[in-house]
DNA sequence: CGTAGTGTTGAATTGAATCAAGTGTCGTGG
DNA sequence: CCACGACACTTGATTCAATTCAACACTACG
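Residue numbers (full-length UniProt numbering), protein chains in the order written: chain A, 1 to 290; chain B, 1 to 290.
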């Protein structure tokens, strides 16, 4: 039994416990089994659940207060009563199937979304029809801020695997931010972070080689997996090589070639969507040695 | 007498009036002459000035209420009394000389800045010493939002020409946003706009050719000049070819070559830093034909 | 079980980088 | 005010990293 983690999985800390195996396979497990897996050894205490349903990572009945992502997502820095107020405006939609769209380019902007489980990609379609991936989103991350200024989403966003999200109507978020200074502060920070991140990618795209971009991408994923308590060294890619290429400004073929070349160098191990980072130090050196 | 406009210049609408000639030359004109130029035919009414000094584009005595950029910059959508409150927290610093730094990478984040005149570039220095330009900023635009999340600026920012700015201490901006819903709303919009803009550049860098990037850059400058009532077809570049290259992910040589090639095609006319867009339609076609 | 989508690998091509040599421009100090 | 030096820009020849084209293998799913 292999051990590659996707953002759909609940990784545990105790050695004895195990986790769900393959991306998108969650639904194939029985609720009972999923419950057993998820309740053993989780870092963040989960409210004793009335029904097993509560445990499924796509379950829409979790409140912000009980969500295991609460310390990464919007509720950070809010106190209990404030979280309760936030909770009231969050809409927990039905899960999204792989390929389903959260919204499409130039749809009217209404909400931002927090990823609860799974993952999403945003992409921009140019007039000439070809698309470019502008971002990947993992649990705890916020989607849709590109629509705030123009009241229309600038990108389309689709689920990469079976995923679930929390919808936060923006006008209500604004209203609440007016009442809760720490929410306003935190949302400014979230947007500032998005800006800083986008500028890093600007640097990456304008000066890094294909190998540097790819190494940087893998390390980025790694630390984002770590953030949600999944293994930073072994994980499943939810996106295709094509998606990665469109994101990094490379072709599918180049991405594939770089993966095999990094493997030959002993830095990573690739098997389809399964990635293992064997030597994070040397991966870092690839980037700084530019 | 040529007619190329820089962000330092005050362009007027009436045909009879003239404007200051060359970038960075403002200080060489007498205050009297500058005053005469600036007061004739300006679109936005300027308060009758007690001293001629008021007219200089770098003059720090202008209030938000009287600033000709007020409808582009932060005060947008604020009413008179609100603008007054904003005014109270804005610090109008001494002008910056060409090359002077507003802040440096990893300085403690304290303020965001609104460009009042001139222009700035932000750039990121990697460990390996080489820098990459992450953005250019023109009058009415906001600088420094990359520092909000981490409390440290992620970039360095320097003046490209003699320039002046309004400093807005961020903690005070937050406090005021708490009181003025429309300020909060507008600042969310400004940040959202920065995010959308950065994602556009992501697309540009990951799929456009050198020619497409350059055309897109020129058209972008053009519409930003138009925003501040300067000619969208004739302007002076305040940045070097090297800066442009670092921004677009190209080398100096390539930028230079593309400029001459676009000139040969009759789309633009280049003379040093003087740019004229001769055929905006065809420039647009270069981009969409990707 | 077949088909569409995804991934790999190789060979040829090419757009932009690099290397190199020059001219042009600006600001400074004599 | 001019001469100098540093920087900015241009142009050409060569190289190279990544794309393109092409053929094939794998996988996953109805």
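Idealized CB from N, CA, C, for every residue including glycine.
Computed from a prediction, not measured in an experiment: that's the story for all the values here.
Proximal residues of chain A, C-beta to C-beta of residue i below 8 Å
{"i": "residue 155(B)", "result": "199"}
{"i": "residue 146(B)", "result": "192, 195, 196, 199"}
{"i": "residue 134(B)", "result": "199, 202, 203"}
Own chain, CB closer than 6 Å to residue i, minus 5 neighbours either side, in chain order
{"i": "residue 166(A)", "result": "90, 92, 114, 116"}
{"i": "residue 180(A)", "result": "82"}
{"i": "residue 1(B)", "result": "Because the pLDDT of residue 1(B) is 46, which lies under 50, any placement of that residue in the model is unreliable, and the question is left without a value."}
{"i": "residue 164(A)", "result": "58, 95, 116, 117"}
{"i": "residue 214(A)", "result": "258"}
{"i": "residue 124(A)", "result": "132, 134, 155"}
{"i": "residue 122(B)", "result": "134, 135, 155, 157"}
{"i": "residue 168(B)", "result": "90, 111, 112"}
Same chain, Cβ closer than 7 Å to residue i, neighbours up to 5 away in sequence not counted
{"i": "residue 223(A)", "result": "232"}
{"i": "residue 217(B)", "result": "244, 248"}
{"i": "residue 64(A)", "result": "70, 75, 83, 86, 87, 90"}
{"i": "residue 177(A)", "result": "183, 184, 187"}
{"i": "residue 145(A)", "result": "112, 191, 194"}
{"i": "residue 282(B)", "result": "267"}
{"i": "residue 147(B)", "result": "109, 153, 154"}
{"i": "residue 210(B)", "result": "250, 254, 258"}
Min CB distance residue i to chain B below 8 Å
{"i": "residue 162(A)", "result": "no"}
{"i": "residue 169(A)", "result": "no"}
{"i": "residue 127(A)", "result": "yes"}
{"i": "residue 259(A)", "result": "no"}
{"i": "residue 27(A)", "result": "Because residue 27(A) sits at a pLDDT of 34, beneath the cut-off of 50, its placement in the model cannot be relied upon, and the point is left open."}
Test: residue i CB closer than 8 Å to a CB of chain A
{"i": "residue 241(B)", "result": "no"}
{"i": "residue 214(B)", "result": "no"}
{"i": "residue 107(B)", "result": "no"}
{"i": "residue 119(B)", "result": "no"}
{"i": "residue 124(B)", "result": "yes"}
{"i": "residue 31(B)", "result": "Bear in mind that a pLDDT of 35 at residue 31(B), under 50, signals an unreliable position, so the model cannot answer this."}
Beta-carbon separation (whole angstroms), residue i vs residue j, contact threshold 8 Å
{"i": "residue 255(B)", "j": "residue 263(B)", "result": "In fact, because the Cβ distance is near 13 Å, the residues do not count as touching under 8 Å."}
{"i": "residue 182(A)", "j": "residue 74(A)", "result": "11 Å between Cβ atoms; not a contact."}
{"i": "residue 202(A)", "j": "residue 198(B)", "result": "7 Å"}
{"i": "residue 154(B)", "j": "residue 105(B)", "result": "7 Å"}
{"i": "residue 132(B)", "j": "residue 253(B)", "result": "Residue 132(B) to residue 253(B), Cβ: 17 Å. No contact."}
{"i": "residue 170(B)", "j": "residue 112(B)", "result": "6 Å"}
{"i": "residue 237(B)", "j": "residue 275(B)", "result": "6 Å"}
{"i": "residue 206(A)", "j": "residue 205(B)", "result": "6 Å"}
{"i": "residue 119(A)", "j": "residue 72(A)", "result": "Actually they are not in contact, since the Cβ atoms of residue 119(A) and residue 72(A) sit about 14 Å apart, beyond 8 Å."}
Residues near residue i by beta carbon distance below 8 Å, same chain, minus five either side
{"i": "residue 186(A)", "result": "74, 76, 77, 78"}
{"i": "residue 150(A)", "result": "109"}
Residue i - partner residues in DSSP beta bridges
{"i": "residue 236(A)", "result": "274(A)"}
{"i": "residue 250(B)", "result": "The partner list for residue 250(B) (beta bridge, DSSP) is empty, contrary to what the question assumes."}
{"i": "residue 112(B)", "result": "168(B)"}
{"i": "residue 91(A)", "result": "167(A)"}
{"i": "residue 152(A)", "result": "108(A)"}
{"i": "residue 103(B)", "result": "157(B)"}
{"i": "residue 256(B)", "result": "Answer is none; residue 256(B) lacks a bridge partner."}
{"i": "residue 132(B)", "result": "124(B)"}
{"i": "residue 63(A)", "result": "Bridge partners of residue 63(A): none, in fact."}
{"i": "residue 96(B)", "result": "163(B)"}
{"i": "residue 117(A)", "result": "164(A)"}
{"i": "residue 142(B)", "result": "114(B)"}
{"i": "residue 137(A)", "result": "120(A)"}
Partners in chain B for residue i, counting only beta-carbon separations shorter than 8 Å
{"i": "residue 182(A)", "result": "Per Cβ cutoff of 8 Å: no residues; residue 182(A) is ~10 Å from chain B at best."}
{"i": "residue 178(A)", "result": "178, 181, 184"}
Beta-carbon neighbours of residue i, restricted to chain B and to distances below 9 Å
{"i": "residue 185(A)", "result": "174"}
{"i": "residue 299(A)", "result": "Outside the modelled stretch of chain A, which goes from 1 to 290, sits residue 299(A), for which no answer is possible."}
Neighbouring residues, chain B, relative to residue i (Cβ below 7 Å)
{"i": "residue 249(A)", "result": "205, 206, 207"}
Chain A contact residues for residue i, given Cβ-Cβ distances below 7 Å
{"i": "residue 149(B)", "result": "189, 192, 193, 196"}
{"i": "residue 288(B)", "result": "127, 128"}
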